[in-house]
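Chemist: If you scroll down you'll find the structure; I have some questions about it.
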């Protein structure tokens, strides 16, 4: 999830600040054990999410999954320890997730990626190449729809042979064709002179 | 800089990207259910296991890392269309970190052990042991304590919770081993 058209005040804060605050707040939440304080934090995080005017449609699926997991956690913790402890734990996790959603939904995907690449840039010191990292990330996004297409084609072909539900008959051709696509792409990149090695002259 | 270095570097990057895309694409497929097992199996970790078994430790771990980075940056690439920073901070965030360790372990064992074993049955057993060690052992090793730490549940309960996914994961380990050994036979030199 990320912000496509979020124009709230949160989207104007630098991603690095948002990310840093999220880390500090998450650590802070673990230092608090009083359920009253955690309840206040939870209400504040709901207020933050609401004030950021985020796209709530994107939140439905992740919220359902987190509520199911936390429901189980709540019951188990309540039985094992005590119910106040369970309330604190669930409030803390919900607060952290809402804060994280607030950051994710008010930050564009490209901004977030740029931040990660900045954080990763010290890999240059140990011989890593940030250009290769950028290439890998953008190529992955481009390959996903292509692989979905390959998967559907393989499945159709195996369906004709009565093998559509045989995991090996589907996965082996999928992997082989993926490797061929990778080989062709690498050759094409080389032929076009994509020199990703760091310049050392 | 010699041409051969940059060529193999580009090829490594493309291989990492195609397997990262495979992990992501497998997360988009609908989960399957096996007759007796109550928990639906998502195919995403099949991709994580395959990346290690086919690309080796470093490139395999990088493929998993790329998916984790793209998902945390906001793409809905994880099973069920999840993504964003909340995934890492939630109770199951450790499993995501475990993918990186898991594909690394599988890759190392395949590269230095499984591919050198002779005999079909022996190689299959070595492969299955490796995929199980990395794809189940390595992933749970990060996931189980993470859940325990984040929720405050005790370690045993957290471990018991993950046991529900064990049959599905074992099934994926068998598929990964068979697929990886078949592909290595027809596509030699994947892990030079």
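Protein chains in written order, with my numbering: chain C, 989 to 1189; chain V, 2 to 193. The beta carbon of each residue, even a glycine, is placed where N, CA and C say it ideally should be.
Which residues, taken in chain order from the segment 78-89 of chain V, show a beta carbon closer than 7 Å to some beta carbon of chain C?
Modeler: Going along the segment 78-89 of chain V in chain order, one finds 81, 82, 83, 84, 85, 86, 87 with a Cβ nearer than 7 Å to chain C.
Chemist: Residues in its own chain within less than 7 Å of residue 1007 of chain C by CB, not counting five upstream and five downstream?
Modeler: The answer, listed in chain order, is 1091, 1103.
Chemist: Could you confirm whether any beta carbon from chain C is found closer than 8 Å to the beta carbon of residue 5 of chain V?
Modeler: Because the pLDDT of residue 5 of chain V is 42, which lies under 50, any placement of that residue in the model is unreliable, and the number read from its coordinates should be weighed accordingly. No, residue 5 of chain V lies away from the interface with chain C (no Cβ there is under 8 Å from its Cβ).
Chemist: Pull out every residue of the segment 147-172 of chain V whose Cβ sits closer than 7 Å to any Cβ of chain C, in chain order.
Modeler: The segment 147-172 of chain V vs chain C, Cβ under 7 Å: 151, 152, 153, 154, 155, 158.
Chemist: For residue 1169 of chain C and residue 1076 of chain C, what's the separation of their Cα atoms in angstroms?
Modeler: Approximately 50 Å between the Cα atoms of the pair.
Chemist: Could you check whether the Cβ of residue 1120 of chain C sits closer than 8 Å to any Cβ belonging to chain V?
Modeler: Interface residue, yes.
Chemist: Using beta carbons (cut-off 8 Å, strictly below), is residue 10 of chain V in contact with chain C?
Modeler: Taking Cβ atoms only, chain C reaches closer than 8 Å to residue 10 of chain V, which makes this a yes.
Chemist: Please name the residue, chosen from C:1110, C:1066, C:997, that lies closest to residue 1042 of chain C on a Cα-to-Cα basis.
Modeler: Ranking the options by Cα distance to residue 1042 of chain C, first place goes to C:997.
Chemist: Is there a C-beta anywhere in chain C that falls below 8 Å from the one on residue 92 of chain V?
Modeler: Output row for residue 92 of chain V: interface = yes.
Chemist: Have a look at the DSSP bridge pairing and note the partners of residue 83 of chain V.
Modeler: Answer is V:79.
Chemist: What are the boundary residues of the alpha helix (DSSP H) that residue 1119 of chain C is part of?
Modeler: Unbroken alpha helix (DSSP H) run through residue 1119 of chain C: 1118-1148.
Chemist: Which parts of the segment 1093-1117 of chain C are runs of the alpha helix (DSSP H), unbroken and 4 residues or longer, counting only runs that do not cross its ends?
Modeler: List check, alpha helix (DSSP H) in window: 1097-1108.
Chemist: Under 8 Å Cβ-Cβ, which residues of chain V neighbour residue 1152 of chain C?
Modeler: The contacting residues do not exist; residue 1152 of chain C stays about 12 Å from chain V at best.
Chemist: Just list the beta strand (DSSP E) runs in the segment 1018-1095 of chain C, keeping only unbroken ones of 3 residues or longer that don't cross its boundaries, in chain order.
Modeler: None, since the segment 1018-1095 of chain C contains no complete beta strand (DSSP E) of that length.
Chemist: Comparing the C-beta of residue 1050 of chain C with each C-beta of chain V, is any distance below 8 Å?
Modeler: With 8 Å as the cut-off, residue 1050 of chain C counts as an interface residue toward chain V.
Chemist: Might you give, ordered along the chain, the residues of its own chain that have their beta carbon closer than 7 Å to the beta carbon of residue 174 of chain V, omitting 5 neighbours on each side?
Modeler: Same-chain partners within the cutoff: 50, 129, 132, 133, 136, 137.
Chemist: Leaving out five residues on either side along the sequence, give the residues of the same chain with a beta carbon under 7 Å from the beta carbon of residue 1047 of chain C.
Modeler: Cβ within range, chain order: 1089.
Chemist: Verify whether the separation of the beta carbon atoms of residue 97 of chain V and residue 69 of chain V is less than 8 Å.
Modeler: Yes.
Chemist: Quick test of the definition: if touching needs 3 or more C-beta pairs under 8 Å, does the segment 102-110 of chain V touch the segment 43-58 of chain V?
Modeler: With the cut-off at 8 Å, the segment 102-110 of chain V and the segment 43-58 of chain V touch.
Chemist: Check the Cβ of residue 1166 of chain C against every Cβ in chain V and list those closer than 7 Å, keeping chain order.
Modeler: Residues of chain V passing the Cβ test: 19, 23.
Chemist: Using only the alpha-carbon positions, how far apart do residue 1015 of chain C and residue 192 of chain V sit?
Modeler: Those two C-alpha atoms are separated by around 41 Å.
Chemist: Using a Cβ-Cβ distance under 8 Å, would residue 1106 of chain C count as near chain V?
Modeler: False, the Cβ-Cβ gap to chain V never drops below 8 Å.
Chemist: With distances taken from CA atoms, which of C:1094, C:1146, C:1173, C:1171 is nearest residue 1160 of chain C?
Modeler: Ranking C:1094, C:1146, C:1173, C:1171 by Cα distance to residue 1160 of chain C puts C:1146 first.
Chemist: If the cut is a Cβ gap below 7 Å, which residues of chain V does residue 1109 of chain C touch?
Modeler: By Cβ distance, chain V contributes nothing, its closest Cβ being about 14 Å from residue 1109 of chain C, past 7 Å.
Chemist: For residue 91 of chain V versus residue 1085 of chain C, is the C-beta spacing smaller than 8 Å?
Modeler: A contact, by the Cβ cut-off of 8 Å.
Chemist: DSSP three-state label for residue 1001 of chain C, please.
Modeler: Residue 1001 of chain C: coil per DSSP, three-state reduction.
Chemist: Name, going along the chain, the residues of the segment 1022-1055 of chain C whose beta-carbon falls closer than 7 Å to a beta-carbon of chain V.
Modeler: If the cut-off is 7 Å between Cβ atoms, the segment 1022-1055 of chain C has 1049, 1050, 1053, 1054 near chain V.
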